[in-house]
Structure formats: C-alpha cells, structure tokens
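First up is the structure itself, then whatever we jot down about it.
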Amino acid sequence: MIEEGDRVMCCLSGGKDSYAMLDILVNLQQRAPIKFEIVAVNLDQKQPGFPEEILPAYLDKLGVAYHILEKDTYSIVRDKIPEGKTTCSLCSRLRRGTLYGFAQKIGATKIALGHHRDDIIETLFLNMFFAGKMKAMPPKLLSDDGANMVIRPLAYSREKDIAEYAELKQFPIIPCNLCGSQENLKRAAVKEMLVQWDRDFPGRIETIFTAMQHTAPSQGVDREKFDFLALERNADAPLKGDVAESDLPAFDFVDIANNGHIDLDKAARIDVVSTYSPHS
C-alpha cells in the first residue's frame, strides 16, 4: 500500500478507527525499511457541538504535521436532505470531494482512510440488499478520475480489535452526531445482523471475508465479468479430469480400481436395451 517516498494524507475524523490508523502508521513509519511522509487532515464540517480543540491538541502532542479544513457541509446536507432521511450518502460525497481536492493541493500520493474489515463486509451486504450489486470496498483504490490513490490500512483488521486498541491507547474519541448516531440506518441494521451472526455462528464473518478474496466470475451470472452465453462445447476435446454426471454413460463404465475414471473401451461396447420417448 505504501511505497518509498510516498506522502500519505491520513484522514482523521476523531473516531476510533482513524485514530488507530494514524497511530499505526506513525509507528510503522519509525520501523519500515522505506521512508514516507505522513500528513494528518481533518475536515471540520461545522456540525453543531463539534469540539474543535481536541484534534489540534492531540496532533500537536503527537508531533504529526496536520491541516484542519473548514467547510460547512452540515448546512448543505440539512438543506438538501428532508428531515428524518439518511444524510450519510450526501455527507460522504461532499467530504470525499473536499478531501480528494486537498490531497492534490498538498501533493499527497496516497489518501489513507480508516475503513476496517467490518466496514467492508457491511458495504458488501448493503450493496447486495439495497443496490443489487456485488460491490464492497477494496484495500487499495484508484479514484475514477485517476488522480488519487486511496488506501485502507485497516482493511484486514476486525472492528472489535480496533475498539480494544483504542481503549488501550485512550484516544480522545469524538462522537459523530450527524450520521453515525441516526436511527434506522440501513448500515446499522446490517451491522446488527453481522454481530448476531458472529455471536451465533463463530467463524462465519471470517469465512465471508475469505470468500470475498476468492471470487470466481466463471461461476457467477454477471455477463460483463464472464460471458457464459458465448461458451461453446468442444465435442472433440479429450476426456479428462472430473466428468459431469450428465456425461457419464452409466456407472458400469466407471473403473473403480482406476480412481473412478471412465473405461472408454467398455463404454464403447454398450448395448442400448431400450429407449423412451414421451411422444411415442
């Protein structure tokens, strides 16, 4: 994710995930065999009650270069989104646009976001349930315009491990009252579903994440990924490997002593005893 000479813009929201990401990157910077720069960036979206003094004080103490951006996206969201509706989508787009633009301004070669494994799995199910897409969030992503490279250093980390780490480090957590605490969010419902699965079926979440790393387009139904309708059977292909059940002449032709391979000589001597036609 990080290469020699990178300037990593670490997006800091004040939540446990971004604090943990910054802390880990700072420690990695001191031990890594390559040299890279870290610049922490926070976007103050002018949410009512946002404690503006917490992040600067923390970053000054940490000794990390940082920028605090100010943009009143809160008013824009409240103006555009009806009362009671989810604000997360618009808020996220406005925040992303501001951060992407600032990354180019300061010459950042990588934009680090604090999404973890649970976020990635939740996004997969959100897209499946509500958007009809098999789509999540990759650990590394090139923006649509090709100008920004996004990395997610915590992509393989569990949220509960990050929570324990944040508690151990006693980060000055800033709660998000604009989006994260809204009731009846689809993401909250999906999160609860996954929490219950993790509780009732230990290992299921790990299996889901493993499955996301082993996709097989030829075994799916997405023609853009694999044009299965264009497939043609090669009747002259030599018979080898596993044989589909429909291709087996009969069980009698299977040579049990030879690992279940078909005895072609025996198969060639088949006598058709009778046939059946529904129209006869």
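For the sequence shown, this note's numbering begins at 4 and goes up steadily by one.
Positions of the beta carbon are idealized from the N, C-alpha and C atoms, including for glycine.
field: Delimiting residues of the alpha helix (DSSP H) encompassing Ile-124
entry: 120-133
task: Can you tell me which of the three DSSP states Arg-207 falls into?
output: helix
- prompt: According to DSSP, what are the bridge partners of Ala-43?
  reply: Cys-13 and Tyr-69
DSSP three-state assignment for Asp-20, whether helix, strand or coil: helix
field: Leu-102 versus Lys-38: straight-line alpha-carbon distance, rounded
entry: 23 Å
query: According to the neighbour-count rule (16 or more other Cβ atoms, all chains shown, within 10 Å of its Cβ), is Glu-186 buried or exposed?
result: Note that Glu-186 scores a pLDDT of 43, beneath 50, so its modelled location is shaky; the value from the coordinates is reported in the next line. Looking at its Cβ environment, which holds fewer than 16 other Cβ atoms inside 10 Å, Glu-186 is exposed.
- prompt: Could you give the residue range of the beta strand (DSSP E) that holds Ile-154?
  reply: 152-154
query: Where does the unbroken beta strand (DSSP E) through Ala-115 begin, and where does it stop?
result: 113-115
message: Let me check understanding here. Comparing Cα to Cα, which of Leu-197, Lys-108, Ile-177 and Arg-155 lies closest to Gly-17?
response: Ile-177
message: Check for me: the beta strand (DSSP E) holding Lys-143 runs from which residue to which?
response: 143-145
- prompt: Taking three-plus beta-carbon pairs below 8 Å as touching, is the region 115-127 in contact with the region 212-222?
  reply: yes
query: Is Gly-104 buried or exposed, if buried means 16 or more other CB atoms sit within 10 Å of its CB?
result: exposed
message: Rounded to the nearest angstrom, what separates Lys-354 and Ala-219 at their Cα positions?
response: There is simply no residue 354 to check, as the chain begins at 4 and stops at 283 in what is shown.
message: Could you compute how far the alpha carbon of Pro-252 sits from the alpha carbon of Arg-96?
response: Low confidence applies here, because Pro-252 scores a pLDDT of 49, under 50, leaving its location unreliable and the question unanswered by this model.
query: From what residue to what residue does the alpha helix (DSSP H) around Gln-107 run?
result: 91-108
task: Would you mind giving the Cβ-Cβ distance between Gln-48 and Lys-74, rounded to the nearest angstrom? I have them listed as a contact below 8 Å.
output: 6 Å
task: Could you pull the start and end residues of the alpha helix (DSSP H) that Ile-79 belongs to?
output: 76-83
task: Keeping to the same chain, check which residues put their C-beta closer than 8 Å to that of Met-196; ignore five residues upstream and five downstream.
output: Phe-128
- request: Measure the C-alpha to C-alpha separation of His-118 and Asn-237 and round it to an integer number of angstroms.
  value: 46 Å
Distance CB(Trp-200)-CB(Arg-190) smaller than 7 Å: no
- request: Would you kindly check if the distance between the Cβ of Ala-111 and the Cβ of Arg-10 is under 7 Å?
  value: yes
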